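*Asks:* The sequence shown maps to residues 3 to 703 in this note's numbering.
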Amino acid sequence: MSISTEDQLERAEDERADWGIFEKLLHDYFDTESLGIVDKGIECDRNSCAISLLENTSCRNGNVWEISLLWAADELNIPDSRPNALRRFHLLERKFNRDPAYAKLYITEIDRLIEKGYAEKVDSPPKGKVWYLPHFGVQNVNKPGKVRVVFDSAAKSDSVSFNDLLLVGPDLLKSLLGVLMRFRQKPFAVKGDIRDMFLKIKIRKEDRDAQRFLWRGEGTSSIQEYVISSVLFGAKSSPATAIFIKNKNAMNFKEVFPDTARSIEKNSYMDDFLESCDTEEEARSRVKQVIEISCTASWEMHGWASNGRHVLENIDGVVEENSAVGVVSSDERVLGLHWDPKLDLLSFNFNKFRTLGVSVDSSKVPTRREVLSLIMSVFDPLGLISPVTIHSRILMQDICARKIKWDEFLGAQDFKEWLWWLQELEKVKEVHVPRCYYLGNLKIISSQLHIFCDASSKAFAAVAYWRFSLSDGSFHSTIIMSKCKFAPLKTLTIPRLELQAAVLATRISEVVSREHDFKADKIFFWSDSQIVLQWIKSDQRNYKTFVVNRLSEIKEKSRSAVWRWVPTKHNPADDATRFAPDEINANSRWFLGPSFLRNYEKVWPKLDSIAKSSVNVVDQEIKVKAIVLTFVAKEVPAYLPDFKRFSSWLRLLRVAACVLEATDRWLEILESRTHLQRQEHAELLWVLEIQQVSFGKEISI
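#1: Give me, in chain order, the residues of the same chain whose beta-carbon lies closer than 6 Å to that of Arg340; leave out the 5 immediate sequence neighbours on both sides.
#2: Would you call the region 173-182 and the region 95-112 touching, i.e. three or more CB-CB distances under 8 Å?
#3: Alpha carbon to alpha carbon, how far is Val233 from Arg218? Give it in angstroms, no decimals.
#4: Going by other Cβ atoms of all chains shown within 10 Å of its Cβ, with 16 needed for buried, is Phe200 buried or exposed?
#5: Can you check DSSP and say which residues form a bridge with Tyr134?
#6: Just to confirm, is the Cβ distance from Asp346 to Cys438 under 8 Å?
#7: Is Leu168 closer than 8 Å to Leu55 when the C-beta atoms are compared?
#8: Taking 7 Å as the cut-off, is the CB of Val258 close to at least one heavy atom of the ligand HEM?
#9: Report yes if the C-beta distance between Pro260 and Ser159 is below 8 Å; otherwise report no.
#10: Are the CB atoms of Pro136 and Ala157 within a distance shorter than 8 Å?
#11: Can you tell me whether DSSP reads His304 as helix, strand or coil?
#12: Express the C-alpha separation of Ile453 and Val258 in angstroms, rounding to a whole number.
#13: Taking the alpha carbon of Phe520 as the reference point, which residue from Pro574, Ser449 and Leu501 has its own alpha carbon closest?
#14: Judging by CA-CA distance, which residue of Glu267, Ser511 and Lys407 is the nearest neighbour of Arg370?
#15: Confirm, please, whether the CB-CB distance from Lys290 to Ser155 is below 8 Å.
#16: Along the alpha helix (DSSP H) that carries Gly180, what are the first and last residues, could you check?
#17: Figure out for me which residue from Glu426, Gly319 and Pro389 has the closest Cα to the Cα of Trp592.
#18: Is Thr262 closer than 8 Å to Gly171 when the C-beta atoms are compared?
#19: Comparing C-alpha positions only, which one of Arg62, Ala461, Arg288 and Ser471 sits nearest to Asn443?
#20: Contact between the region 417-425 and the region 542-561 is defined here as three or more beta-carbon pairs at a separation below 8 Å; is this criterion met?
#21: Just grab the DSSP bridge partners of Phe526 for me.
#22: Closest to Trp432 by C-alpha separation, out of Trp537, Ser300, Asp280 and Ala588, would be which residue?
#23: In chain order, what residues of the same chain have a beta carbon less than 7 Å from the beta carbon of Ala522, not counting five sequence neighbours either side?
#24: Ignoring anything shorter than 3 residues or poking outside the region 65-105, list the beta strand (DSSP E) runs there in chain order.
#25: Need the endpoints of the beta strand (DSSP E) that His434 sits in, please.
#26: Which residues bound the beta strand (DSSP E) around Arg150?
#27: When you compare the region 218-228 with the region 292-310, are there three or more beta-carbon pairs, one atom per stretch, that lie closer than 8 Å?
#28: Between which two residues does the beta strand (DSSP E) containing Val336 stretch?
#29: How should Arg680 be labelled, buried or exposed, when 16 other C-beta atoms within 10 angstroms of its C-beta is the threshold for buried?
#30: Using beta-carbon positions only, say whether Ile295 and Ile266 come within less than 8 Å of one another.
#31: Between Glu663, Ala464 and His478, which has its C-alpha nearest Asp577's C-alpha?
#32: Taking the Cβ atom as the reference point for each residue, do Leu337 and Tyr271 lie within a distance shorter than 8 Å?
#33: For Asp274, does the three-state DSSP call read helix, strand or coil?
#34: Who does Tyr228 pair with in a DSSP beta bridge?
#35: For Val162, which beta-bridge partners are listed by DSSP?
#36: Excluding five sequence neighbours on each side, which residues of the same chain lie with their C-beta closer than 6 Å to the C-beta of Glu555?
So, in structure tokens, the structure goes:
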């Protein structure tokens with residue numbers, strides 16, 4: 003049966019929208035992989051322009067904040083975008099006819115936007131900067147029965163998109179790692195989020211015609227024009243705009259609630275607020291003040307949860323059913339992780355696998371696209387399950403290296419590896435990690451940060467632990483985070499990969515130290531590579547460029563004295579590079595660190611001497627110093643005076659200059675030279691004579 007042109011266009015638009023979502027997922031995945039180990043970069047001049055716009059156009063109108071769009075320039079060449087928006091809308095309606103259930107959810111969401119005042123119908127012709135936005139729906143497997151309407155700011159008309167007209171704005175988003183690590187610091191935790199954070203912020207009226215869209219309401223035969231009057235979800239400037247307003251609103255309370263104002267700015271990740279406190283009363287006070295501050299911007303805080311039994315009791319603005327501390331719902335999503343407030347444990351859930359019917363028992367061979375999509379759905383920003391996730395990334399690397407097409411099925415060997423990884427993933431479902439670093443009753447006397455690193459031919463990794471000295475003389479250790487990277491396709495020697503792991507360790511040290519509210523009294527780095535330890539403790543200038551560059555970073559961020567040797571059998575980073583240890587649970591070495599961390603320093607591993615094989619590898623990286631001698635054979639004229647008869651070097655040169663002058667005249671050399679030039683010439687001749695006498699053998703080689 004032939005496919006109509008309209009169907010082909012509709013399918014192409016669906017694929018384009020799906021690919022756009024997939025592309026963003028891919029981008030977000032690798033952003034997550036780089037958290038804490040890649041610098042954000044330096045702000046550019048365009049950010050200064052954006053900050054100026056944010057500061058100068060943001061204002062309060064009652065309890066509502068209003069702001070301008072972050073235009074890239076005052077004068078813009080804006081093409082007619084309505085034809086493309088109209089074409090996309092017709093395709094959307096065809097999808098509605100084919101899928102009535104989807105259409106009903108979509109219409110419900112548009113009606114909600116209009117009812118809440120986030121969108122409004124317009125009858126007047128547009129003025130100023132005008133743009134028509136196509137829109138499509140996105141469904142989340144974690145939120146069945148709901149469609150999120152996305153306004154496509156990336157859609158192009160005459161090679162220009164709405165996003166092309168805007169500035170991105172400054173990166174005001176706090177580190178995801180930092181927010182999660184601070185959430186784990188103290189005994190009592192709370193979480194909540196802002197409902198419709200973007201939509202509660204209004205765009206000033208003169209900019210709203212740039213956010214028009216087309217819609218045919220129920221009971222109407224004609225297509226009508228609407229505007230989104232709020233900050234748009236999907237526009238590239240929206241995150242910076244929303245976070246700027248959130249922080250500015252909080253800072254208005256810095257005199258009244260200084261700690262809470264700072265906490266909103268520091269412990270929020272977009273619209274999610276996470277905090278940990280020392281006492282239930284402090285946590286309760288924090289919740290009350292966050293709600294009060296948010297209300298002044300018409301923001302409704304919802305989704306509250308806490309592990310403290312009385313933290314959320316009888317607080318205005320907290321729905322009672324959400325304050326049951328895990329009784330009604332024992333599973334709260336916390337920035338991609340799962341948190342059971344009742345047990346105060348973090349865990350991992352893989353809903354997408356279950357939704358798509360993917361399991362170990364499945365005989366269905368996936369395509370490269372399906373594999374990549376499923377791998378990226380495993381969200382582990384802290385690297386708590388790196389021993390399992392790294393294998394999937396290596397599989398993905400192998401598939402890419404073999405240039406398998408996106409919709410091509412995996413080969414037999416790749417499918418076997420895929421099933422093995424699914425088996426390992428099944429084990430992780432049973433893993434539960436304590437949310438708080440330490441929940442005991444004993445007082446913490448001191449804190450140490452220990453970072454272990456390791457490498458194999460396939461991957462290199464670093465994992466960090468806290469080691470707390472307790473008031474009774476005992477010790478407690480627990481995982482903080484890890485990073486595991488697959489080895490580059492270009493083959494590197496194991497020692498060089500071990501050195502890469504050491505660099506990774508120092509970067510993790512920096513992010514852990516920067517993002518926690520308390521500092522480590524001591525920091526230790528551990529490697530089982532005697533070669534790397536030898537490099538770190540020696541003069542880096544002696545080595546080849548690859549080694550020198552990495553040693554420079556290591557020594558900039560750590561002292562050689564804090565680097566120690568650990569036997570491979572006690573190195574937890576080995577679990578990540580050798581792939582999935584036999585046992586991975588909350589009491590395994592990976593989560594608690596090696597047993598010697600819970601013992602006195604005098605029993606820690608020590609290296610008595612460097613193995614001879616390690617010394618040989620160290621020598622292989624030593625830079626060969628080549629000295630190139632250029633020698634022009636030139637006899638010292640016999641008529642120059644015998645230097646043994648002179649006690650003064652200067653007098654010898656003067657006499658030699660006179661001899662050279664006489665010789666010039668005798669040979670009728672026309673070149674005119676001064677007495678000083680003849681002295682310099684004589685000096686050069688004597689230097690050549692001395693070199694020939696003293697280093698004749700070397701020069702002749």
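All residues carry an ideal CB built from backbone N, CA and C; glycine is no exception. Values in this document were obtained by computation on a predicted structure and should not be read as measured data.
*Replies:* Once the coordinates are examined:
#1: Residue 340 is actually His in this sequence, not Arg. Correct list, in chain order: Asp333, Ser349 and Asn351.
#2: no
#3: 22 Å
#4: buried
#5: Arg214
#6: yes
#7: no
#8: No copy of the ligand HEM appears in this structure; indeed no ligand is present at all.
#9: no
#10: yes
#11: strand
#12: 40 Å
#13: Ser449
#14: Lys407
#15: no
#16: Leu178 to Phe185
#17: Pro389
#18: no
#19: Ser471
#20: no
#21: His452
#22: In the sequence on display, residue 432 carries Glu and not Trp. When each option's Cα is compared against that of Glu432, the closest is Ala588.
#23: Ser449, Gln450, Leu451 and Ser515
#24: 66-69
#25: His434 to Pro436
#26: Arg150 to Phe153
#27: no
#28: Glu334 to Val336
#29: buried
#30: yes
#31: Ala464
#32: yes
#33: strand
#34: Lys123 and Phe215
#35: Ser159
#36: Val505
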